[in-house]
Amino acid sequence: MAQLFRSIVTKNVLLFVVILLVAVVPLALRYYQDSRDYEIQNLASKLEFFAQRGATWVDVDAATRLLRPADRRTPAYRSVLAALQRIEREFGVDNAVLMRREDDGRYTYLAAGHDGFEVRSPAEIHTLFPATYTATNDTWLAGEMMHSRLFGGKVGDADYDQFLQINTPLKKNGRVVAILMLNKFANPVAAAVRVKTIKVVALSVGLLVAGLALFALVSARMLRPLRQLTAVAGEVAAGHLGVTPPAPRSHDEVGRLTATFGSMLEGLRQRDFIRDTFGRYVTREVVDELLGSPDGLRLGGEARVVTILVSDLRGFTALAAARAPREVLEILNRYLERMVAVVRRHRGTIDEIQGDGILAFFGAPLAAPDDPVRAVACAIEMQQALAAFNGEQGRLGRPELAMGVGINTGEVIVGNIGSEQRTKYGAVGSPINMAYRIESHTVGGQVLLSPETYARVRDLVELRGTVTAAFKGLDRPLTLYEVAALGGDYRLALPAPPGEELAALEPPIPAACFPIEGKVVATTPIAGRVLRASGAAAALVLETPVAPHTNVKLVLDPASGSEAEVYAKVLPRREGPEGGGEGVRVGLTSVSDAARRLLEARRRQPGREA
33 MAQLFRSIVT
43 KNVLLFVVIL
53 LVAVVPLALR
63 YYQDSRDYEI
73 QNLASKLEFF
83 AQRGATWVDV
93 DAATRLLRPA
103 DRRTPAYRSV
113 LAALQRIERE
123 FGVDNAVLMR
133 REDDGRYTYL
143 AAGHDGFEVR
153 SPAEIHTLFP
163 ATYTATNDTW
173 LAGEMMHSRL
183 FGGKVGDADY
193 DQFLQINTPL
203 KKNGRVVAIL
213 MLNKFANPVA
223 AAVRVKTIKV
233 VALSVGLLVA
243 GLALFALVSA
253 RMLRPLRQLT
263 AVAGEVAAGH
273 LGVTPPAPRS
283 HDEVGRLTAT
293 FGSMLEGLRQ
303 RDFIRDTFGR
313 YVTREVVDEL
323 LGSPDGLRLG
333 GEARVVTILV
343 SDLRGFTALA
353 AARAPREVLE
363 ILNRYLERMV
373 AVVRRHRGTI
383 DEIQGDGILA
393 FFGAPLAAPD
403 DPVRAVACAI
413 EMQQALAAFN
423 GEQGRLGRPE
433 LAMGVGINTG
443 EVIVGNIGSE
453 QRTKYGAVGS
463 PINMAYRIES
473 HTVGGQVLLS
483 PETYARVRDL
493 VELRGTVTAA
503 FKGLDRPLTL
513 YEVAALGGDY
523 RLALPAPPGE
533 ELAALEPPIP
543 AACFPIEGKV
553 VATTPIAGRV
563 LRASGAAAAL
573 VLETPVAPHT
583 NVKLVLDPAS
593 GSEAEVYAKV
603 LPRREGPEGG
613 GEGVRVGLTS
623 VSDAARRLLE
633 ARRRQPGREA
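In the working numbering, the protein residues as written are 33 to 642.
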């Protein structure tokens, strides 16, 4: 019995029964109600026509002469009675009655088509159904025929048949002298609609039952291959990927499901093959190549010459501290989505995403002669994508981001890194550390190349300039190459840097400078003054010199207790501005709203560059 109720056929049969009860029954009731309302409305429209036509058959003068019961024997009564009987006969109404309003507001009968009332006898219908009095009285007072209304039903403790009633005024010399009231019982209409509804429901149920039987038969035949597929799926769920799925026997959904299951099983076998190798997504080309060369996925590593790309956002830590966590994550995820797409497009392998930083390399697991060129092209397109991203940020009223990119080429060890529980395909080696150090010397919008990378792309790269940097552990300073454009088939150019012309600040702004070592901000400030500034850079004098490429935090006008904070990077030294002291030029990476307002308030028309 339990197996029967687990069957798809049984469940579908029960579903049809539920549909029958939940859908068909309410629909049948709605159909009955709508049909009944329609027929009654149609009857009401006809009744209004009957009243208009019948009122012309009644002799108004004769009606005014009916004043006492003895008038039943007069020609006037016979004339009125004949008109009422004609209305009942020709129009099929149940009652055609003539009434008059007495001085006390009550209504009395003058005549009825079935000749059952005495002249001037009280209108008992108003006592039995008080709402009919209101309808009749409204007609008398307004002097106009009122629309048909439905009366009857439950009155007090008694139930009465429902009937439609319409009242038409009869006038003499412009004054209402009598009311023609027509009544038509609605129950026969409802009974006819009920019979019609029962027939429709019976036909619908019969069709559903026949369809259900056919559905059960077809479903039973369809379940045969599904049962075989279920058995194979159970084996796969148990980890036995060597089972053979059933062959598709048709081109319908079941056949496609069987074929898809076979493809899925093959995909599971491939995934099982590479799952211990890759812990994150790489490009489809890389996956296809690896699946075609399983020997290349041996545990361990191998030496490869690769080009390493490191990117990082400038001032993002300060931005994150000033924004709600949800907004920071939304900005970061949108940014990374665009950057990762660019890396994938240039067939780079993403090794790490650490916060807002990306580490990618070109040349492993697949090597190509143009690895360094693709890395440079990737870096330029990342800066272009960031420019477009910043356009969106501006439209959303959010701060723009600035990114620096460092690129180095060298021999590293690539392979599987991790443990049996979690592995990834990555790289280790000193060239990676050098790429990070090169990136740390960039300002927003820059792409810096190591000498090793530049030597491989020099015929295609257009430079914006060079940067001399001293690194710990190296005997002599290193020349880094700032990319402006890439030629060849790529024809890419970095977005133009913001204007560096500085405007003098009147008066100069006192500042406290805190050097940043790694992620640690110094606690002892260096006093200074900001002399000139633009939207991207500033010139200041400090009491103690700060080495180029040092990240610093500037607190403007610290004595006022303001929250005007600026994060910046010290640029290579230029000639110091007049006023004595050590001249320092910094590239701005993050400017708080308070600092931006203060700088704009002190800035005058740009002067000569400091």
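No residue lacks a Cβ here, since even glycine has one placed at the ideal position from N, Cα and C.
Sequence-distant residues of the same chain with beta carbon closer than 7 Å to residue i, five excluded per side
{"i": "ARG370", "result": "ALA417 and PHE421"}
{"i": "THR96", "result": "LYS204 and VAL209"}
{"i": "GLU614", "result": "In this predicted model, GLU614 has a pLDDT of only 49, less than 50, meaning its place in the structure is not dependable; the value taken from the coordinates is given anyway. Here the set comprises VAL573, LEU574, PRO577 and GLY608."}
{"i": "ARG133", "result": "TYR139 and TRP172"}
{"i": "LEU258", "result": "VAL286"}
{"i": "ARG635", "result": "ALA535, LEU537 and ALA565"}
{"i": "ILE541", "result": "ARG561, VAL562, LEU588, ASP589, LEU630 and ARG634"}
{"i": "THR485", "result": "THR339, PRO404, ILE439, ASN440 and THR441"}
{"i": "VAL45", "result": "LEU244 and ALA248"}
{"i": "ALA543", "result": "GLY560, ARG561, VAL562, LEU572, LEU586, VAL587 and LEU588"}
{"i": "ARG469", "result": "PHE503"}
{"i": "PRO509", "result": "THR500, ALA501 and ALA502"}
Chain-order list of residues whose beta-carbon lies under 6 Å from that of residue i (same chain, five-residue window excluded)
{"i": "PHE348", "result": "ASP388"}
{"i": "LEU433", "result": "LEU345"}
{"i": "ALA223", "result": "none"}
{"i": "LEU145", "result": "In the sequence on display, residue 145 carries Gly and not Leu. Cβ within range, chain order: LEU116, GLN117, GLU120 and ALA128."}
{"i": "GLN425", "result": "GLU432"}
{"i": "GLY294", "result": "PRO277"}
{"i": "LEU391", "result": "VAL342, ASP383 and GLU384"}
{"i": "ALA76", "result": "SER180 and LEU196"}
Residues bridged to residue i (per DSSP)
{"i": "GLU19", "result": "With the chain covering 33 to 642 only, the question about residue 19 has no answer from this structure."}
{"i": "SER657", "result": "Nothing about residue 657 can be reported from this structure: the residues present for the chain run from 33 to 642 only."}
{"i": "PRO154", "result": "THR140"}
{"i": "PHE348", "result": "DSSP output for PHE348 lists no bridge partner at all."}
{"i": "ILE548", "result": "VAL553 and ASN583"}
{"i": "ARG181", "result": "GLN197"}
{"i": "LEU214", "result": "ALA128 and ILE198"}
{"i": "GLU514", "result": "LEU480 and GLY497"}
{"i": "ILE390", "result": "SER343 and ILE385"}
{"i": "PRO542", "result": "ARG561"}
{"i": "VAL616", "result": "LEU572"}
{"i": "TYR457", "result": "ASN448"}
{"i": "ASP191", "result": "LYS186"}
{"i": "LYS204", "result": "ARG207"}
Exposure label - residue i; buried when at least 16 CB within 10 Å
{"i": "MET414", "result": "buried"}
{"i": "GLN478", "result": "buried"}
{"i": "LEU79", "result": "buried"}
{"i": "ARG488", "result": "buried"}
{"i": "PRO483", "result": "exposed"}
{"i": "HIS581", "result": "buried"}
{"i": "GLN73", "result": "exposed"}
{"i": "GLY86", "result": "buried"}
{"i": "VAL49", "result": "exposed"}
{"i": "GLN84", "result": "exposed"}
{"i": "GLY197", "result": "The identity of residue 197 in the sequence shown is Gln, whereas the question assumes Gly. So GLN197 ends up on the buried side."}
{"i": "PRO81", "result": "First, the amino acid is wrong: residue 81 is Phe here, not Pro. By the 10 Å Cβ count, PHE81 comes out exposed."}
{"i": "ILE464", "result": "buried"}
{"i": "LYS216", "result": "buried"}
{"i": "ASN199", "result": "buried"}
{"i": "LEU428", "result": "exposed"}
{"i": "GLY380", "result": "buried"}
{"i": "PRO58", "result": "exposed"}
{"i": "PRO201", "result": "buried"}
{"i": "TYR367", "result": "buried"}
{"i": "VAL618", "result": "buried"}
Neighbourhood of residue i by C-beta distance below 8 Å, restricted to the same chain and skipping five residues each side
{"i": "GLU471", "result": "VAL342, SER343, ASP344, GLY436, VAL437, GLY438 and LEU480"}
{"i": "TYR109", "result": "ALA94, LEU98, ASP103, ALA143 and VAL151"}
{"i": "THR159", "result": "none"}
{"i": "LEU518", "result": "VAL405, VAL408, ALA409, ILE412, VAL489, LEU492, VAL493, GLU494, LEU524 and ALA525"}
Whole-Å CB distance - residue i paired with residue j, under 8 Å assumed
{"i": "ILE412", "j": "VAL475", "result": "That belief does not hold up - the Cβ atoms of ILE412 and VAL475 are roughly 16 Å apart, past 8 Å."}
{"i": "THR166", "j": "ILE157", "result": "Not confirmed; about 12 Å, so no contact."}
{"i": "PRO557", "j": "PHE546", "result": "5 Å"}
{"i": "HIS473", "j": "LEU524", "result": "Wrong, their Cβ atoms sit about 22 Å apart, outside the cutoff."}
{"i": "VAL338", "j": "PHE393", "result": "4 Å"}
{"i": "VAL584", "j": "ALA600", "result": "6 Å"}
{"i": "ALA409", "j": "TYR522", "result": "5 Å"}
{"i": "VAL275", "j": "LEU300", "result": "Contact doesn't hold; Cβ gap of about 11 Å is too wide."}
The ligand NAP heavy atom lying under 7 Å from the CB of residue i
{"i": "ARG104", "result": "The ligand content of the structure shown is nil, which means the ligand NAP is not present either."}
Min CB distance residue i to chain C below 8 Å
{"i": "GLY461", "result": "The question asks about chain C, but that chain is absent: this structure has only one protein chain."}
Legend entry - Segment contact, 8 Å Cβ cut-off, at least three pairs: the region 582-597 with the region 621-628: yes
Taking 8 Å as the threshold, find out whether the region 359-379 comes into contact with the region 448-467 through three or more Cβ pairs.
-> no
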